[in-house]
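Each residue of the sequence shown is one higher than the one before, starting from 0 at the first, in numbering that gives the first Met the number 0. Here the structure is laid out as structure tokens; the discussion comes afterwards.
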Amino acid sequence: MNIKAAFRQIYVQTKGIRLLLIMSIYLCCGCVDANKKSNNLMVFAASSLTDVLNEIKADYEEEYDTDITINFAGSSTLARQILYGANADIFISANKAWAHEVAQKKAILKRNNILGNQLAVIARLDSVYKPSKLKDLLNPKIQHIAIADPQGVPAGVYAKKALMSHGLWQQLQHKFIIGSDVRHTMAYIENGGAQAGFVYVTDQLISNSTNILITLGSSSSGIIEYPMLLLKNSNQNSDTTLFFDYLVSDEALQVFRKHGFIIHTH
């Protein structure tokens, strides 16, 4: 038998072994992918939490073998998505009403209301108009005021409540530019589309082009809370509960404080 024929015979004889090896590698890769998917968490969170949650997410993923996906949008949008069947493990709303709506219609495993915020009136640093009280927004030279959608977006709901408590809501409505969420509202102010506007204190802290002119207390805007809901779904695993508990750990709360959020102790 020549060398070429010998190699051909060896190739044929080892064909089964090679197929088994390839199948083993394929199955192992499949197991890795399956494990990775089982550690995937889906968080629905209010847009005002974008920066702080992305930082907490990075810290958590570095320490634990878990992939976290966060869907940021207005709380009303997120709540409707969940109620229409979107798969979410955790829902963090910027107000109690939308959290209550979800809790009424979906199974909830855990809940907390530890996180809070404040509403503020802000303007660009180079603005010539510097209202120091809400009544100053009546100034005819302030033609456009940015506000999140008061029909459902929490920041807009809180702003409406504050203006109504001062008897200014009806008088200022013709000036409003409506944002789809608080970050959209912030963009109107930063880009000069509005001479002033209502956002959370935490949103202004990440802006280099604006400053806070008026900080609104809970007596006018109401208490601003971020209810966190651990939702029950068919794909649940222990990693979901671990991350939910991590969100109220000392380590995570320190990050929330750094970003300007209020920690409620009740």
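Glycine included, every Cβ here is placed at the ideal spot set by N, Cα and C.
- Across the structure, Gln-194 and Asn-207 are spaced so that their CA atoms are roughly 16 Å apart.
- Contact between the stretch 89-104 and the stretch 39-58 is present: three or more C-beta pairs spanning the two stretches fall below 8 Å.
- The alpha-carbon of Gln-169 is positioned some 10 Å away from that of Lys-159.
- It is roughly 15 Å from the alpha-carbon of Gly-191 to the alpha-carbon of Val-120.
- The continuous stretches of beta strand (DSSP E) do not include Asp-50, which lies in the alpha helix (DSSP H) extending over residues 49-62.
- Distance from Leu-114 to Phe-255 at the Cβ level is roughly 6 Å; contact confirmed, criterion being Cβ atoms closer than 8 Å.
- The beta carbon of His-263 is closer than 6 Å to those of Ile-113, Gly-115 in its chain, skipping five residues each way along the sequence.
- Residue pairing by DSSP places Arg-123 opposite Thr-209 in a beta bridge.
- Closest in C-alpha terms to Arg-79, from the list Lys-104, Asp-58, Asn-232, Gly-166, comes Lys-104.
- Bridge partners of Arg-110 according to DSSP: Leu-228.
- Under the three-state reduction of DSSP output, Ile-141 falls in the coil class, being neither helix nor strand.
- Taken through DSSP and simplified to helix, strand or coil, Asp-180 comes out as coil.
- Taking the C-beta atoms as reference points, Ser-220 is found no nearer than 7 Å to Ala-145.
- Burial of Arg-123 is indicated by the presence of at least 16 other C-beta atoms within 10 angstroms of its C-beta.
- Ala-251 and Asn-138 have their C-alpha atoms some 42 Å from each other.
- Gly-166 and Glu-224 have their C-alpha atoms some 24 Å from each other.
- With contacts defined by Cβ atoms closer than 7 Å, Asn-39 and Asp-66 form a contacting pair.
- The alpha helix (DSSP H) runs lying completely inside the stretch 147-197 and spanning 4 residues or more are 153-164, 168-171, 181-189, given in chain order.
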